Structures are given as C-alpha cells and as structure tokens.
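Working notes for the structure below.
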Amino acid sequence: MLNVENLESWYDRSYIVQGISLRVGKGEIVSIIGRNGAGKTTTLRTIMGLVPKCKGVVTFDGSDNIIDEPTHTRFQRGLGFVPEERRIVPALTVRENLRLGLVSSDLKSKEDEIIEEIAVSFPRLKERLDQIAETMSGGEQQMLAIARALASDPKMIMLDEPSEGIMPVLVDEMFELFVRLKEQGKTILLVEQNVERALEVSDRAYILDQGIIVRESTGADLLADKEIQEKYCAV
Amino acid sequence: MNGITLELFVMQMFTGLALGTVFVLMAVGLSLIFGLLTVVNFAHGAFYMVGAYVGVFLMGVTGNFWVSLVLVPIVVGTLGLVIERFLVRPLYGRGIDYPLLLTFGLALVLVELVRIIFGLEGQSFDVPEVLSGAVNIGVGYFPLYRLFLIGVTSFIVFALWLFIEKTSYGLIIRAGARDPEIVRILGVDISKVWLIVFAIGTGVAGLAGVLAAPMRSVIPDMGSTVLVEAFVVTVVGGMGSLVGAVVAGMLVGVVVAMTSLFWPSLADLSMFVLMAVVLLVRPQGLFGQKGLMG
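Set out below in structure tokens:
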C-alpha cells in the first residue's frame, strides 16, 4: 500500500529524517516507535507532504513517486492522516468537524448517511453531534479527529500519538477500534509512545532512532524483547 | 445643546448608519482577508478607489447605474484575483511584513495609474433619478440614496453570512482561518480558497467605492482616508471577525455622526478615541479571538 525509500527531510537547517525506508502492506497495522525527538512525527508529516524540504521516494497504492505532490492530492488518493494533538476545529460543532472531513471527498453527496454511520460506530459522538467540539474531553476530541479522518473512507490512515493524554478507558476503546478497522481491510500506520499497546495490535513495527530505522520486526517479536524496548523507547 | 430634538437625534442615527455602511463593506473584506490569509491588505483603499473609477467609466459607457453597480465588484474582484495569484501568493510563508509591504506599494501604483488615465481632477458620479430625493421616515425626510446604501449593505452582509455559515465552502473558510494545515490534510487545496476570499474581499471594496462615489468626491486619493477608517473599524470589531466588522462599522458610523452633531470639532477624532478605549478594555477587539496573530 505504502512504500517509502530513502526518505529525508529537514526543518529549516536541521536534518530530521535521515534516509528512512519502510513499507506498509494492504490491511496491515504497522507501528513506528522510538524516543521523543527520534523523528517519528516528521516521518509521518513528510509522507503526508507537510514538510516542504524533503527528498526520497514515496509511492502509495500503486502510484508513481508522490514526494512532490501537494498534501490535498495525497488525501484524494486515499491517504488519511490524524496529526498530533487532534487538531479538531474547536469553535465548530462535532457535526461540522465531521462535514469538514467530507468537503473534498467523492462521498460528500452522502454526507448525512455517513454522519449517521459514524454516530453508530462512535457512540460517544452520537449524542454530541451538535455540541461545540472544544467542550468535549480530550479523548472524545481524539475520537472525533479519528472519525473525521475515516469519514472519507480512506484506504490507509496514519495516526500520530493518538493515545497521548487520554484516559485509559478511551485508550482501550481506541485500540479496539484499530483492530476492527484492520478487520474491515483498512491499512494503518501508527506512531505511538504507548509502546506495549501499539506492539500488541501491530503486525510489524519499526524502531526509529535519531532519524534512521534501527530495527524492523514483527510486533510480537519486539514485544518480547524487553532489552530493545528499554534501549530505544524509554522516554 | 439647545435645539437638539429627538427627531434630529434619530435622523442623525440614520445618517450614522448610512455612513457606517461604507465602513462595514470595507472592514468585512479587510477582516476576511486578514483572518484567512494573514495578509494586512494596505491596498484595500486602492481597490475601493478603483471601484469608484470603474463605476465612473462604466456609467460613461453604458449610462446605466444598475449595470455599473453589478459589474464593478466583478471587475475589481477579478483584479484582486490576478493580484493574489501572481503577486501575493509567492509571499506566503514569509511572515506578515512581506505582503504588507507589497500591498502598500501596490496601492501607490494603482493610485498613480488612475492619475495617469483619469487625471487629477475629481470625477462626478450622479445618483440615478429613482434614488434621488428624500423620503419621510417618520421623524423627517431622509435622503433615499442613503436608505438604499443601508439596504444594499444589509443584502451583501446577509449573503456573505449565508455563504460563510451555511455552505461547505464557508465551512472550509471558517476552519481554514483557524487551522489551514488540517484543511489541507482533509483534501482541500487551500490556495484556491485564499484566492477566492481575496477576490471576494476586494470585490466588496470595489462595490463600497462605487456606492460611496455619489457622496464622496471621486479622486485618485479617495482610498487613503477610507483605508484608515476601515482599519479602525477592523481593530474595533476584532481582526478576522465578520460580525465584528458589521457591528463595529455601524458603531463607528453612529459615533462619528453623533459627535459631529454634539461636538462638531471632535468628529474626526471620535473614531480614534473609540478605538483607543476598545483596545484598552478588550485588546482583541469586540468580537476578536485572542492570539489570532499566533
């Protein structure tokens, strides 16, 4: 589904992503784990086309190299992204936030139906559809951000630290959702601080350190390897 | 204060509202453009002036006020479209000062161009027959054209409100003013949105120019005073707020009209005093959000 080769990117003059290659197969859950400042967020942002200074090869769903494509056309190809800190639009209602996820999608004409479906699979959002988004708890806002990214039915979704600062019961709900999405055939690329939870649901994982990938393995394998978790993931 | 009757007071209120319409139309565009593009458009007064001159020109060609009124915002908006696309766009992401300097210089260029084409002399723009005269509004006779101004402005403001609050394009505009990046992530080509908002803002400024033409003299410099007034209104109302632009525009109009009734010598000063008071009490303006400048 997603293939990345020798990806490099810079913020101003700092060299962040220093030649990363990774792939995510259709229907897989893949995690990128590593310390704070390892370059995880920048990797996702570069794949989404949000880091202007970058090079390398990114192909998605059989495409040519999309490294120079603008962000919005990557969305049109079916690449969804839930960035760090949720980024819901605080002054809009929950429903308006969900509509925003559909404004440039082919599914826009079925807006009402899709919002109905979302209300069924996200019961927490159902009774809050007409509430202003910022009045919800952090976890509910995160659910909204994920629901908004899923509204357009993307082929693959990338999530940056979705469990950060969220109460445990909602974290459970969220990881159950990831498994359910996988069963429905969605592809997921996950960046997580919550290493154990992430590895439990992941088919494969990459460990990132100082802008390069130091280890690739199956989720179960890395989960068993306490030493490597200690070395690269201790915050 | 002798001789000031209730009728005179109410009449002056209406005069203030009519005066406020031009402020509102100018501030709405200025505020939208700032709120979404973070561009402080110093050429906004020049677009207003160009609107008046295009109006004069079209009146000369067609002889029809209504045709001119409809065509002016289209012509000026198209000019805005071209300017955003080729001059402003390359400056995004370089901070607020680059587009500010560009539009400042652009205003000078537009004024000089109009001087070259139309000369220094003022042009006249007459109120059409059907809109001249005065009507009885209960407390006295009020110029019909000023009522017309209030009507047209209400219509434009209502249309803009519908567009921004009720359409999915408006949803993109509201979200994009707050977080342009998330809008891109959700598949929107944000540069198109900026283009259209710039065109709408400048088009409405052009409309304000042609509407004001019969009341104020049409001269190449006419945009500079109105630009200052529009900035005062935008600051009072809160940068980036549509409601703020409307309320503050009317408020400034009424304050100026009332001051000129009671203390004529202070009329020009009154709006600045109002701005200073608002800034002291509420630095973000009446309807502004804190920290919009990030």
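Going down the list, the protein sequences come from chains A and B.
In terms of the working numbering, the first sequence has 96 at position 96, counting the first letter as 1, and numbering is strictly consecutive.
Each number in the working numbering comes from the position in the second sequence (counting from 1) with 1000 added on.
Glycine included, C-beta positions come from ideal geometry on N, C-alpha and C.
Note that this is a predicted model, so its numbers are computed, not measured.
- Chain B places a beta carbon closer than 8 Å to that of Pro-83 of chain A, counting this residue as a contact.
- At a cut-off of 8 Å between beta-carbon atoms, Ile-1173 of chain B makes no contact with chain A.
- If you check each beta-carbon in the region 82 to 111 of chain A against every beta-carbon of chain B, the ones closer than 9 Å belong to Val-82, Pro-83, Arg-87, Ile-88, Val-89, Pro-90, Ala-91, Leu-92, Glu-96, Asn-97, Arg-99, Leu-100, Gly-101, Leu-102, Val-103, Ser-104, Ser-105, Lys-108 and Glu-111.
- The three-state reading of DSSP puts Phe-1023 of chain B in helix, counting H, G and I together.
- By the Cβ-count criterion, Leu-1101 of chain B is exposed, with fewer than 16 other Cβ atoms from all chains shown falling within 10 Å of its own Cβ.
- The alpha-carbon separation between Pro-1143 of chain B and Phe-1125 of chain B amounts to approximately 16 Å.
- At a cut-off of 8 Å between beta carbons, Glu-1181 of chain B contacts chain A.
- Under the three-state reduction of DSSP, Phe-122 of chain A is assigned to coil, being neither helix nor strand.
- Look at Phe-1125 of chain B here: in three-state DSSP terms it is coil, with no helix or strand label.
- Boundaries of the alpha helix (DSSP H) harbouring Asn-97 of chain A: 94 to 100, taken from the DSSP string.
- The region 30 to 40 of chain A makes no contact with the region 178 to 185 of chain A: fewer than 3 CB pairs, one atom from each, lie closer than 8 Å.
- The straight-line gap separating the alpha-carbon atoms of Gly-1138 of chain B and Phe-1231 of chain B is approximately 34 Å.
- In the three-state DSSP reduction, Thr-46 of chain A falls in the helix class (H, G or I).
- Closer than 8 Å to the CB of Gln-131 of chain A there is not a single CB belonging to chain B.
- Distance check between Met-1013 of chain B and each of B:Met-1258, B:Val-1243, B:Ala-1043 and B:Gln-1284 places B:Met-1258 closest, using alpha-carbon atoms only.
- The beta carbon of Thr-1078 of chain B is closer than 6 Å to none in its chain, skipping five residues each way along the sequence.
- CA-to-CA, the gap between Val-1226 of chain B and Gly-1288 of chain B works out to about 21 Å.
- A Cβ-Cβ distance of about 14 Å is found for the pair Arg-99 of chain A and Ala-145 of chain A, leaving them out of contact under the 8 Å criterion.
- A buried status is given to Gly-1016 of chain B, since no fewer than 16 other beta-carbon atoms sit within 10 Å of its beta-carbon.
- Cα atoms of Val-1130 of chain B and Asn-1064 of chain B: separation of roughly 12 Å, rounded to the nearest angstrom.
- Among the CB atoms of chain B, none fall inside 8 Å of the CB of Phe-178 of chain A.
- For Phe-75 of chain A, at least one C-beta of chain B is nearer than 8 Å to its own C-beta.
- Around Phe-1047 of chain B, the same chain offers Val-1076, Thr-1202, Ala-1205 and Gly-1206 as residues with beta carbons nearer than 6 Å, after the five sequence neighbours per side are excluded.
- Counting only residues of its own chain and dropping the five nearest sequence neighbours on each side, Leu-223 of chain A has a CB closer than 6 Å to the CB of Leu-199.
- In this structure the region 124 to 136 of chain A does not lie against the region 52 to 67 of chain A, because fewer than three pairs of beta carbons, one per stretch, are closer than 8 Å.
- Rounded to whole angstroms, the gap between the alpha carbons of Pro-70 of chain A and Val-4 of chain A is 17 Å.
- Within the region 34 to 49 of chain A, Met-48 place their CB atoms closer than 7 Å to a CB of chain B, listed in sequence order.
- Along the region 1183 to 1198 of chain B, the positions whose C-beta sits under 9 Å from a C-beta of chain A are Val-1183, Arg-1184, Ile-1185, Leu-1186, Gly-1187, Val-1188, Asp-1189, Ile-1190 and Ser-1191, read in chain order.
- Look at Met-1059 of chain B here: in three-state DSSP terms it is helix.
- When the five nearest sequence neighbours on each side are left out, the beta carbons in the same chain lying within less than 7 Å of the beta carbon of Gly-139 of chain A are those of Ile-166, Met-167 and Leu-170, in order along the chain.
- For Ile-213 of chain A, the closest C-alpha among the options A:Met-1, A:Leu-2 and A:Leu-7 is that of A:Leu-7.
- Leu-1286 of chain B places its beta carbon less than 8 Å from that of Ala-1248 of chain B.
- Across the set B:Ser-1031, B:Val-1054, B:Met-1011 and B:Ser-1168, the C-alpha of B:Val-1054 shows the shortest separation from the C-alpha of Leu-1211 of chain B.
- Taking a contact as a CB-CB distance under 8 Å, the pair Arg-1178 of chain B and Val-89 of chain A counts as one, their CB atoms being some 5 Å apart.
- Under DSSP, Trp-10 of chain A shares a beta bridge with A:Tyr-15 and A:Lys-53.
- In this structure, the CA atom of Lys-110 of chain A is about 35 Å from the CA atom of Gly-1244 of chain B.
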